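Asker: Mind having a look at this structure? Questions to follow.
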Amino acid sequence: LALKKQFEENGGKIVDRWPVTRLERLEESDAVLVHGGTASQVVKASRVVVCAGAWTSTLMQSVGVHLPLTPLKIAVCYWRMRDPTLTFPVFVSTDEKSGNYYGLPSIEYPGLVKVCLHTGVPCDPDNRDLVNMDELNASSCKYISKHFPCLEPRPAIVESCMYTVTPDKQMILDTVPGCTNIAYACGFSGTGFKLGPIVGRLMCQMVTGKPLDYNVKRFSAARFTTAS
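The sequence shown begins at 1 in full-length UniProt numbering and counts up by one.
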């Protein structure tokens with residue numbers, strides 16, 4: 001909410017229910033057309049930053065950039081505490097057999113703590129509800145039963161989100177080859193939200209040709225992308 005407020009106070013406009021379907025480069029003017037879902041939904045821009053999450057791969061293909069991104073559906077599980085007076089820590093657990101889990105104390109839902117498996121099932125972002133999560137959910141129940149007797153062994157609430165994963169689990173921060181007025185950030189592999197402010201700043205610097213605060217060469221798409 002703080003970032004949204006700052007954005008709007010600086011003249012930004014948020015447009016909901018306006019799905020972007022493709023980008024079109026206008027070589028004669030270096031402008032970019034941003035196409036929405038209908039013929040009338042077109043915006044002409046001098047600079048564009050794409051942060052489209054699980055939809056980034058499809059969108060960037062419209063400007064000749066092909067990215068090895070895999071959208072994953074993630075089960076976001078909340079577990080009821082047997083004794084709600086107990087405190088619960090923030091934790092990260094890495095285990096080759098049971099997988100990588102993280103947990104947060106009761107914040108969103110009173111009496112429920114958040115413990116999630118840090119991976120998911122490949123999905124089509126437009127049809128993610130069709131993905132079967134039973135096997136992963138069963139693994140999470142087994143993990144909770146083994147390690148957290150203070151929690152009920154089945155989740156009280158299961159929500160979902162999506163990760164967009166790269167082959168090396170590292171983000172991509174780059175511009176379109178030969179078209180530096182289109183920048184894109186993607187492939188955060190489940191770590192993007194917390195990096196939002198600095199990534200936004202870097203994208204702004206990148207697309208306007210200003211010096212970058214940090215060297216982001218290691219995050220270039222050139223490490224595994226092709227362009228046409």
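Even glycine gets a Cβ: it sits at the ideal position worked out from N, Cα and C.
Computed from a predicted structure; not experimentally measured.
Going by other Cβ atoms of all chains shown within 10 Å of its Cβ, with 16 needed for buried, is P197 buried or exposed?
Answerer: Its Cβ having fewer than 16 others within 10 Å, P197 is exposed.
Asker: According to the Cβ coordinates, are L23 and V49 closer than 9 angstroms?
Answerer: No. Outside cutoff.
Asker: Go through its chain and collect everything with a Cβ distance to M171's Cβ below 6 angstroms, but skip five positions before and after it.
Answerer: Only G187, F188 and F219 meet the Cβ criterion.
Asker: Rounded to a whole number of angstroms, what is the C-alpha to C-alpha distance between D16 and R80?
Answerer: For D16 and R80, the distance between alpha carbons rounds to 34 angstroms.
Asker: Work out the CA separation of V92 and G111 for me, nearest whole Å.
Answerer: Straight-line Cα distance between these residues: approximately 20 angstroms.
Asker: Got a sec? Which residues, its chain only, sit under 6 angstroms from K146 by beta carbon, not counting five neighbours each side?
Answerer: No residues qualify anywhere along the chain.
Asker: Given a threshold of 16 other Cβ atoms within 10 Å of its Cβ, counted over all protein chains shown, does I107 qualify as buried or as exposed?
Answerer: Answer is exposed; the Cβ neighbour count stays below 16.
Asker: Is the separation between the beta-carbon of P125 and that of G53 shorter than 9 angstroms?
Answerer: Closer than 9 angstroms, so yes.
Asker: Helix, strand or coil: which one does DSSP assign to residue 232?
Answerer: This structure cannot speak to residue 232, because the chain is shown only from 1 to 228.
Asker: Could you name the residues that DSSP lists as bridge partners for N100?
Answerer: For N100, which the question treats as bridged, DSSP gives the partners T94.
Asker: Between which two residues does the beta strand (DSSP E) carrying K73 extend?
Answerer: Counting along the chain, the beta strand (DSSP E) containing K73 begins and ends at T70 to R80.
Asker: At the level of alpha carbons, what is the spacing between Y214 and A156?
Answerer: Roughly 42 angstroms separates the two Cα atoms.
Asker: Ignore the nearest five residues each way along the sequence and tell me which others in R25's own chain have a CB closer than 7 angstroms to its CB.
Answerer: Correct list, in chain order: V32, V63 and C179.
Asker: Rounded to whole angstroms, what's the CA-CA distance from V42 to L104? Just pull it up for me.
Answerer: Their backbone Cα atoms lie some 42 angstroms apart in a straight line.
Asker: For A185, which residues does DSSP report across the bridge?
Answerer: Partner(s): L173.
Asker: Could you give the C-beta distance for N100 and T70, rounded to a whole number, given that I count them as a contact under 8 angstroms?
Answerer: The Cβ separation is near 17 angstroms, so there is no contact.
Asker: Taking a contact to mean a Cβ-Cβ separation below 9 angstroms, would you say L67 touches Y163 in this structure?
Answerer: Cβ atoms of L67 and Y163: not closer than 9 angstroms.
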